[in-house]
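The structure appears right after this line, and notes come after that.
There are 4 protein chains.
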Amino acid sequence: MSAGRNFLFIPGPTNMPETVRRAMGGAQEDQRAPDVPDFTLPLFADLKKVFQMKTGHVLVFAGTGTGGWEAAITNTLSPGDGVLASRFGLFSQLWAELCQRHGLAVDAIDVEWGEGVPVAAYAERLKADRAHKIKAVLVTHNETATGVASDVAAVRRALDEAKHPALLFVDGVSSIASIDFRMEEWGVDIAVAGSQKGFMMPTGLAIVAVSEKALAAMATAKLPRSYFSFDDMLRMNKNGYFPYTPPMTMLRGLRASVDLLLGEGLPNVFARHHRMAEAVRRAVGAWGLSLVAKAPQWHSDTVSTIWTPPGVDGAELVRHAYRRYNLSLGVGLARLAGKVFRIGHLGELNELMVLAALSGAEMTMRDLGATLAPGSGVAAAEEHFRATAPKTN
Amino acid sequence: MSAGRNFLFIPGPTNMPETVRRAMGGAQEDQRAPDVPDFTLPLFADLKKVFQMKTGHVLVFAGTGTGGWEAAITNTLSPGDGVLASRFGLFSQLWAELCQRHGLAVDAIDVEWGEGVPVAAYAERLKADRAHKIKAVLVTHNETATGVASDVAAVRRALDEAKHPALLFVDGVSSIASIDFRMEEWGVDIAVAGSQKGFMMPTGLAIVAVSEKALAAMATAKLPRSYFSFDDMLRMNKNGYFPYTPPMTMLRGLRASVDLLLGEGLPNVFARHHRMAEAVRRAVGAWGLSLVAKAPQWHSDTVSTIWTPPGVDGAELVRHAYRRYNLSLGVGLARLAGKVFRIGHLGELNELMVLAALSGAEMTMRDLGATLAPGSGVAAAEEHFRATAPKTN
Amino acid sequence: MSAGRNFLFIPGPTNMPETVRRAMGGAQEDQRAPDVPDFTLPLFADLKKVFQMKTGHVLVFAGTGTGGWEAAITNTLSPGDGVLASRFGLFSQLWAELCQRHGLAVDAIDVEWGEGVPVAAYAERLKADRAHKIKAVLVTHNETATGVASDVAAVRRALDEAKHPALLFVDGVSSIASIDFRMEEWGVDIAVAGSQKGFMMPTGLAIVAVSEKALAAMATAKLPRSYFSFDDMLRMNKNGYFPYTPPMTMLRGLRASVDLLLGEGLPNVFARHHRMAEAVRRAVGAWGLSLVAKAPQWHSDTVSTIWTPPGVDGAELVRHAYRRYNLSLGVGLARLAGKVFRIGHLGELNELMVLAALSGAEMTMRDLGATLAPGSGVAAAEEHFRATAPKTN
Amino acid sequence: MSAGRNFLFIPGPTNMPETVRRAMGGAQEDQRAPDVPDFTLPLFADLKKVFQMKTGHVLVFAGTGTGGWEAAITNTLSPGDGVLASRFGLFSQLWAELCQRHGLAVDAIDVEWGEGVPVAAYAERLKADRAHKIKAVLVTHNETATGVASDVAAVRRALDEAKHPALLFVDGVSSIASIDFRMEEWGVDIAVAGSQKGFMMPTGLAIVAVSEKALAAMATAKLPRSYFSFDDMLRMNKNGYFPYTPPMTMLRGLRASVDLLLGEGLPNVFARHHRMAEAVRRAVGAWGLSLVAKAPQWHSDTVSTIWTPPGVDGAELVRHAYRRYNLSLGVGLARLAGKVFRIGHLGELNELMVLAALSGAEMTMRDLGATLAPGSGVAAAEEHFRATAPKTN
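These protein sequence lines are chains A, B, C and D, in that order. With the UniProt record's numbering applied, the first sequence covers 1 to 393. With the UniProt record's numbering applied, the second sequence covers 1 to 393. With the UniProt record's numbering applied, the third sequence covers 1 to 393. With the UniProt record's numbering applied, the fourth sequence covers 1 to 393.
This is the structure in structure tokens:
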């Protein structure tokens, strides 16, 4: 292997901070030890701060975001229940499909990729649904395939204006802990996050925030569930334990992660992500390229999906960056395969890491025949960083 | 905290070998990198060796054994399908209950705790089921609550003698990689293992071996499934990838674990477990105590469940051992609560580790008023170890 | 390799606590960074607490105890200076020899191995030395070869009674941070410690405490010195830096070590060592064996040197324990080779770790033909531990 | 602390590869165990390959390069012996001073900083020294203060042409394992390296290569030595052991380091360093700045010392880079303080790491008022990297 470290700029997993790595390096431990609740109960409480919620609960499963999607519906819905969804990228599409597999009546609005949740269309559907057949509304807060962020608060307003009782479910896998997300203020009923994005950990935890209203829905929900049962989990979590062996090593890492996030302060975390993202967007502009996200309102602060330069294949670009420069970029997914590449800019990042990735991207594009000027993206990002540098002493 | 390390003698999680710990300490990585299959495909192949199978597949999910149980049934069965099960401890009981939750018609034979799978009763039920309403037979290979091992091969014979086509599902969470388990020779269709027992890793992986026959059953199985879908997993695994972000850090640990197991040789691993287990049983005898397992045929080589001395509460015993001697023992579960304590003796263990645990157990029992002689259990175990020591140079 | 961990019971290096290991796992760093003094200055201050001194300095060199011995004399003495020493084990012998190599006039009193510093003889020599030709008095606080502790305070009294101005140098490599050592109260001028004993770290640091009086002696000391120069080190340490690249990784570990020691409290650390040592001595008695240390006043709380049972070779015993039971014991050194074995009982240890080592030692001795009863040493130690257990809740 | 990793671009310590870090994370071990020689003897042998020597020995001390300098002279010389040296930077100056402290008769030729060893002047002195009063000739292969590499082979030729028997000592602390160094071909008698530069480890080892001729000189050398005694070390190393407790954790890291170096192949290691260094030099040129090294013959492939832009203070530049961009650069030392900054480009580095450092340097200089164009240095380095990229597939 060649010398030197990999530069990881996919939209998850993200770079793991040293304190998280250390927290996960300890010996295995007894999940039923008397002092386990001294560890778990404060962790559960602090997780709620990350989701910006005071009521409800945050449940942690060994799993991934896909497991979180499944948990959301199987704990609250029954076969045939109506679900309002929208499809504007691979992940929003997959969640809708998952609902169909479980026998739900999904109304999935297709939106052009590059835009986000169609709030107006949602509002219309909700108003029209006098019978309240729609039991849940799905929002993919940040579509990782297209680099598009959606307006969750607007969906809440649409629900409120229609006086519609449907549950509001949010896929926050690539937004929560990186982009402002307000569980309680926005009236979200279930929010799904994963360990390997804003939480800066290895993949392997589905982190699911649940409102009191969603918990109440369990009473009538008839979809079968066992592993992801909220009920089993809550009954044991209440005392700091788990219904089956919990992933303690990952939970130790999660503790370190939450400490980092709350220590930095969520507003600072969000501002830092915005600053990094904006630097990437400046570079994209300097290269003469454009984002899949159609307008600034859709710009994602965690991932940029970029149309490749003329004549350059996106898959080849990603492969070349990896093999020649040890830079990991994201490929185009589904209908975007070959046409785009993605730069993940979330988690444990600073200016020089981003600049390294940008220099790797521009070398790669030039290697593959693109005509952009060497150093052009880096220069634009540098100027942005300099102009927005926080005060240091 | 007091100085010195914890002695972990619960039946999982188990002690993590240094090479596994190191393998899990690396940076996060791109799960779609071009060289990922160079890592995953050999891992999948070597996992089959651990299950002693040549056909079929081993699938790895972020999850736990409970998730594996759910995966087994949702991928192969339909609502109302008959399931033959037996209950002789908390875990065999929970699996049967999980099947019921998913709408299966479970015939669960209650067996006295301390015995294992009732082969004769199974044989009878299978012969009687001319209509083949039973679609799956469940066997808990090693009941972790009671320290009882069952005879999987005998269940296979019962199926064969009845010429019954039902699928054979085995919970091998606390047996596989520690006790001899032969997927192919015994005609097992799905076997469920977890990372935190014989694989000597943190909790967080459900490792599920699936026969070709079980795979074929997916075509007609109507239980809803998404996260644990074999189909999605197999389609991507074929090329070395995954349908959603895989827990790469854990997979790196699993590689190290499999290397250790195959490097030592499965027969040696099993013999080592037997030797450690026998030492514990000698100590139990020297203390004048007895096992919940009613006869040697049921003795588990991974966990011993021991009736407490007269007047000693099991929960108090476990708490005292932990707080005073930093020794983690297993508590009694369900109807055994307070009446027993458990010593897990699986995974990365050697003679002195076991002797330390035994000395801690005997000090604890004496502290709580039991009348056994100091050093008595240790002496019996020492003599066993000396008599069975492998040749060294 | 066989499964399971090594039991490290040599008198250094000792078992490394998890927090020390973690503290040493970070990235390399710039030793001239502006924030380095924020780390080093408090460390230097806290090290003084471990030596129980308020004036003077503690200097840390990449090196070992041998380097510390050399540092002590080359910084304070001139060729031909008189040194009063005593030899009662390999290490006291080597230090005297080192002084001779550097051209000092060493008066080394030979003492029977099994006893410690001959305070009466020292007092006599000091009184007789009216011309004050003796410039330094050497005391090996804990002779690691024989398991003998000496009375440093008594030597100080002898100096005071003789009104002798000689410097008092103490080899505290295997005592400091484990056995009570009082730099200031005892008027010690230079004390030498190493990282791999009571500090529970890897080998590689010579930790040298220096009194103001010793520092003043530098002005006239003519022995050549560069690497171990106190002067160069102090000049840079004053501002938190070093005269050449410091071993920052080790210093990070030292910070964690000092935090552990001061967090537990030195009196508790010393009491814990005494309790562990006493358990070993009870086992030795139960085995019918005896210590090289001739009387309780000489008993070391960090290492026990034990005469082997009749017919058992000490080197063979140590080799067998390592190869068969993964137990590392200390061999006999110099004239004790083959006749003894040593159990180190210092650093990060608890009851079960010690009991494991004792069980390994008794199995080993029985394997080699000794007639002691199985479990006898363990039983004696267990009873001691039970009788002296700290209150827990 | 702010998020994201530090970029370490000082000329040592350098970035630690993951395999080295892992190799150092293990438990402490018995340095006298029977299997230690199985580890140490092959390590000693492989270290000779790194120095490109077949005869002689490589000795490893807990220490630093300064200790290595001291070891070189105290093992081979006697008070009053003549030493030919030259001073053209802080480190060459310090080594000459160290010789003086030990009573040697040093003839130190002052050379303008920015040039290296004055071969012609050396040749002249050696020819004139008919009486062979010069016993040793010192060469600082790579002066870390000025970024100047010297021609060791030419000094050997000067010795040979003068038929002079003096020993040739080389300070290779910041060259060995990064820049071509040929112990045997160049007739070097002692070469000093440290762990924290080309060996990519933490600081804490002095690695000293010694020729047979230098070993023979020990017989008559009268300077006192103990800790750094070659004789004691060789006598024990012969059988794989050490005269005092060795830094086993560091030695485990050294094994991993040597495996990396020999695995990559020394010529590839040297070529990689040259490629990284040249990229930095291209950036310096693009910025309109110049190196302290006066001509290409003096260019160092491990560190570039760069005159600051007009009006920019070097210390302020380094402080700003660290505080604002988490970039560690080297300050100017001694007479260069404030006038230069240094970029270390040795060890575990790849293209993107170097580009990140260059972008940080150019942002810093612009922040401090320099007029260079944003992205200019990065662009020049990118073009160099692209033009010289090794083939990948």
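Glycine included, C-beta positions come from ideal geometry on N, C-alpha and C. Remember, it's a predicted structure, so these values are computed and weren't measured experimentally.
Three or more beta-carbon pairs under 8 Å between the stretch 330-343 of chain C and the stretch 301-316 of chain C, yes or no?
yes
DSSP three-state assignment for B/I134, whether helix, strand or coil
strand
Endpoints, the alpha helix (DSSP H) within which D/F91 is located
90-101
Interface partners of B/V378 on chain C, CB under 7 Å
S359, G375, V378
If you drop the 5 nearest sequence neighbours on each side, which residues of the same chain put their C-beta closer than 6 Å to that of A/H345?
M276, A277, V280
Counting only beta-carbon separations shorter than 8 Å, does B/G26 have a partner in chain D?
yes
Out of curiosity, what's the CA-to-CA distance linking D/L223 and D/G377?
50 Å
Return helix, strand or coil for A/F61, following the three-state DSSP convention.
strand
CA-CA distance, D/A3 and C/A295?
59 Å
In terms of alpha-carbon separation, which member of C/M218, C/M248, C/F199 lies closest to C/P37?
C/M248
For B/W307 and B/L291, the rounded distance between their alpha carbons:
6 Å
I'd like to know if D/V315 contacts chain A, where contact means its C-beta is closer than 8 Å to some C-beta of that chain.
Looking at the sequence provided, one finds Ala at residue 315 of chain D rather than Val. Chain A contact via Cβ: absent.
Secondary structure at C/Y305, three-state DSSP: helix, strand or coil?
Looking at the sequence shown, residue 305 of chain C is not Tyr but Thr. Looking at C/T305 - three-state DSSP - the assignment turns out to be strand.
Do D/L84 and D/V137 come within 8 Å of each other at the CB atom, strictly closer than that value?
yes
Across which residues does DSSP place A/E184 in a beta bridge pair?
In DSSP, A/E184 forms no bridge with anything.
Closer than 8 Å by C-beta to residue 397 of chain A: which residues in its own chain qualify, once you throw out the five before and the five after it? Chain order, please.
Lying before the first or after the last residue shown, residue 397 of chain A is absent from chain A, which here runs from 1 to 393.
Looking at D/R252 and D/A23, is the spacing between their C-beta atoms short of 8 Å?
yes
Indicate whether at least one CB of chain A lies closer than 8 Å to the CB of D/G4.
yes
In chain B, which residues lie less than 7 Å from D/R22 when you measure between Cβ atoms?
R22, G25
Using a C-beta to C-beta distance shorter than 8 Å, which residues of chain B count as neighbours of A/M16?
A27, Q28
Below-8 Å beta-carbon distance, D/M201 vs any chain A residue
no
Continuous beta strand (DSSP E) assignments of at least 3 residues falling wholly in the stretch 140-203 of chain B:
167-171, 190-194
Let me see if you follow: with CB-CB separation under 8 Å, is A/M1 close to chain C or not?
Note that A/M1 has pLDDT 44, beneath the 50 cutoff, so the model's placement of it is unreliable and the number below is only indicative. No - not a single Cβ of chain C is within 8 Å of the one on A/M1.
Can you list the residues of chain A that B/E143 reaches, using a CB-CB cut of under 7 Å?
None at all; the shortest Cβ gap to chain A is about 15 Å.
Which of the three DSSP states is assigned to C/R225 in this structure?
coil
The beta strand (DSSP E) with B/F242 in it runs from where to where?
Note, B/F242: premise wrong, no beta strand (DSSP E); not H, not E.
If you measure from the beta carbon of D/L352 to each beta carbon in chain C, is any gap under 8 Å?
no
First and last residue of the alpha helix (DSSP H) that includes D/V258?
248-264
So, are the CB atoms of D/P374 and D/R366 less than 8 Å apart?
yes
Within-8 Å CB hit, A/Y227 to chain D:
no
If the cut is a Cβ gap below 7 Å, which residues of chain B does C/F385 touch?
M363
Does chain A have any CB closer than 8 Å to the CB of D/R366?
yes
Anything in chain A within Cβ reach of D/L291, meaning under 7 Å, just list it in chain order.
The premise fails here: D/L291 is roughly 21 Å from chain A at the closest Cβ pair, so nothing lies under 7 Å.
Who are the neighbours of A/G204 on chain B, taking C-beta pairs under 8 Å?
A62, G204, P247, T249, M250
Can you tell me where the beta strand (DSSP E) holding B/R342 begins and where it ends?
340-344
Please say whether C/V192 and C/A72 have beta carbons closer to each other than 8 Å?
yes
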